[in-house]
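Protein chains in written order, with the numbering used here: chain G, 4 to 222; chain H, 210 to 471.
Here you go:
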């Protein structure tokens with residue numbers, strides 16, 4: 004495979020986005036996007052785990068027997084996630100408390116294992132780093148977009164700065180409480196997917212089954 | 210699917226060596242990070258506890274004059290007898306850990322478990338502010354219990370009579386934002402100062418009403434308005450106050466303080 008660094012980095016941003024095209028990493032995208040700052044820190048954590056796991060897996064790919072590759076990849080990813088969690092607890096303690104269990108759950112974020120298994124196992128170190136960063140940013144873009152919308156409409160603020168005075172503070176803005184509940188992220192991600200696919204119709208999946216007309220069937 | 214030269218199956222020895230190598234390197238990296246960063250983490254925890262205390266102190270500054278955390282004495286209370294104990298250092302005592310340790314806590318009978326916490330630690334930390342003569346001027350007690358979908362952790366400050374509330378402040382909860390989370394609203398917190406814990410007969414009367422307290426209600430000196438839309442959270446606060454200020458909680462200790470044995 005010819006290495007095309009720029010393409011490797013930018014493809015996962017929109018056109019091959021891990022959330023909207025590959026529909027991976029949805030769980031954390033629903034959980035940590037109640038505000039913009041948690042979305043940003045979570046994105047940074049996932050970008051670093053993806054870049055480092057891509058690097059490590061790519062480095063040992065020629066020594067890694069097929070039979071144990073998945074467990075070795077998971078070991079590497081789990082170690083990286085623990086390290087990221089420790090760093091967050093040491094330097095951004097408040098934030099790590101708000102992200103709570105979801106940093107640890109990066110281990111089970113399908114994006115990380117998917118990139119290790121499908122890309123880093125077959126590509127050089129540089130390409131794997133770029134792929135990791137690209138996918139991390141692609142994930143982060145969706146998180147930041149959803150986090151910004153949810154915080155703005157749910158609390159009238161961005162990054163904790165109050166932009167609209169809410170009714171309880173004497174202003175005229177009635178916050179949309181739905182935005183602070185997980186289903187709203189589901190709706191927003193759905194809207195983003197719909198928007199991207201209406202711009203890029205080639206992403207639309209072909210239906211797996213069509214309802215068959217059955218003449219004479221009694222249902 | 211063929212993946213080229215990259216991932217052919219090696220022999221058993223090779224798999225073993227690779228797995229072992231990866232495991233050792235990962236273990237070393239994780240241990241190194243954990244050990245290096247531990248001091249930062251401990252410092253964060255201590256700063257957080259101080260900040261909680263400082264925030265309740267600043268909320269009380271009006272009521273009891275300016276107090277800094279240096280004027281606060283931490284003592285470990287044996288909840289069963291209500292007496293102070295020197296069994297452990299209150300600075301390092303971890304009530305959360307003690308509550309899950311069978312040797313440090315005991316189960317609460319379900320009919321007595323108003324706070325929904327199932328086990329109660331044997332000891333709890335009381336924060337005491339004294340005047341020059343050594344008499345108690347203010348008590349701060351940690352209280353916690355189950356709200357709607359999270360455990361509510363707070364501090365209750367009582368004045369020198371160990372009966373009238375100076376403040377109730379929740380520092381940790383995860384109930385619904387904008388609804389149950391309003392127990393942290395300044396407006397709701399402002400209803401607590403002046404409420405009484407027990408009546409003349411010694412019954413614990415403090416609590417939260419269902420909805421607003423009607424004017425002229427006999428409970429008006431003891432209870433605050435419930436939060437509309439947050440019945441479960443309000444009931445949670447009600448229950449945890451009744452539990453922690455009652456016989457199974459700080460009741461015996463508060464009785465001693467009222468007798469001047471604080």
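Note that CB positions come from ideal geometry on N, CA and C, so glycine has one too. Please read these numbers as outputs of a predicted model, since none were measured by experiment.
- Between residue 49 of chain G and residue 109 of chain G, the C-beta spacing is below 8 Å.
- Your pair residue 153 of chain G and residue 36 of chain G checks out as a contact, with CB atoms roughly 6 Å apart and the cut at 8 Å.
- Annotated three-state conformation of residue 158 of chain G is helix, per DSSP.
- Between the alpha carbons of residue 55 of chain G and residue 118 of chain G lies a gap of roughly 11 Å.
- Taking 8 Å as the CB threshold, residue 66 of chain G lines the interface with chain H.
- The beta carbon of residue 345 of chain H sits closer than 8 Å to the beta carbons of 337, 338, 339, 369, 371, 466, 471 from its chain, once the five residues preceding and following it are set aside; these are given in chain order.
- Fewer than three Cβ pairs drawn from the region 86 to 93 of chain G and the region 153 to 162 of chain G lie within less than 8 Å of each other, which leaves the two stretches out of contact.
- Contact with chain G is found for residue 242 of chain H, since one of that chain's Cβ atoms lies less than 8 Å from the residue's Cβ.
- In the displayed model, residue 378 of chain H falls within a strand according to three-state DSSP.
- Taking one beta carbon from each stretch, the region 409 to 428 of chain H and the region 443 to 450 of chain H have 3 or more pairs nearer than 8 Å; the two touch.
- Between the C-alpha atoms of residue 261 of chain H and residue 191 of chain G there is a straight-line separation of about 36 Å.
- When secondary structure is reduced to three states using DSSP, residue 38 of chain G falls in the coil class, being assigned neither helix nor strand.
- Within a 10 Å sphere around the beta-carbon of residue 94 of chain G sit fewer than 16 other beta-carbons, which makes this residue exposed.
- Distance from the CA atom of residue 464 of chain H to the CA atom of residue 321 of chain H, rounded to whole angstroms, is 19 Å.
- Each residue's CA atom was taken as its position, placing residue 170 of chain G and residue 266 of chain H some 29 Å apart.
- Taken in chain order, the complete alpha helix (DSSP H) segments of 4 residues or longer contained in the region 73 to 115 of chain G are 96 to 102, 104 to 107.
- Partner residues in the beta bridge of residue 333 of chain H, as assigned by DSSP, are H/286.
- The C-beta distance from residue 438 of chain H to residue 392 of chain H rounds to 12 Å, too long to meet the 8 Å contact threshold.
- Boundaries of the alpha helix (DSSP H) harbouring residue 462 of chain H: 460 to 467, taken from the DSSP string.
- Annotation: residue 29 of chain G to residue 22 of chain G spans about 7 Å, alpha carbon to alpha carbon.
- Against chain H, the beta carbon of residue 183 of chain G has neighbours under 9 Å at 385, 386, 387, listed in chain order.
- About 16 Å separates the beta carbons of residue 121 of chain G and residue 58 of chain G, which is beyond the 8 Å limit, so they are not a contact pair.
- For the 8 Å CB-CB criterion, residue 14 of chain G and residue 185 of chain G do not form a contact.
- Listed in chain order, the beta strand (DSSP E) runs fully inside the region 315 to 370 of chain H are 328 to 330, 332 to 339, 345 to 355, 360 to 368, counting runs of at least 3 residues.
- Taking a 10 Å sphere around the C-beta of residue 403 of chain H, we find fewer than 16 other C-beta atoms and assign the residue as exposed.
- In terms of beta-carbon proximity, residue 90 of chain G lines the interface with chain H, with at least one pair separated by less than 8 Å.
- Excluding its 5 nearest sequence neighbours in each direction, residue 91 of chain G has C-beta neighbours in its own chain below 8 Å: 44, 48, 98, 99, 102, 106, listed in chain order.
- The Cβ atoms of residue 53 of chain G and residue 145 of chain G lie no closer than 8 Å to each other.
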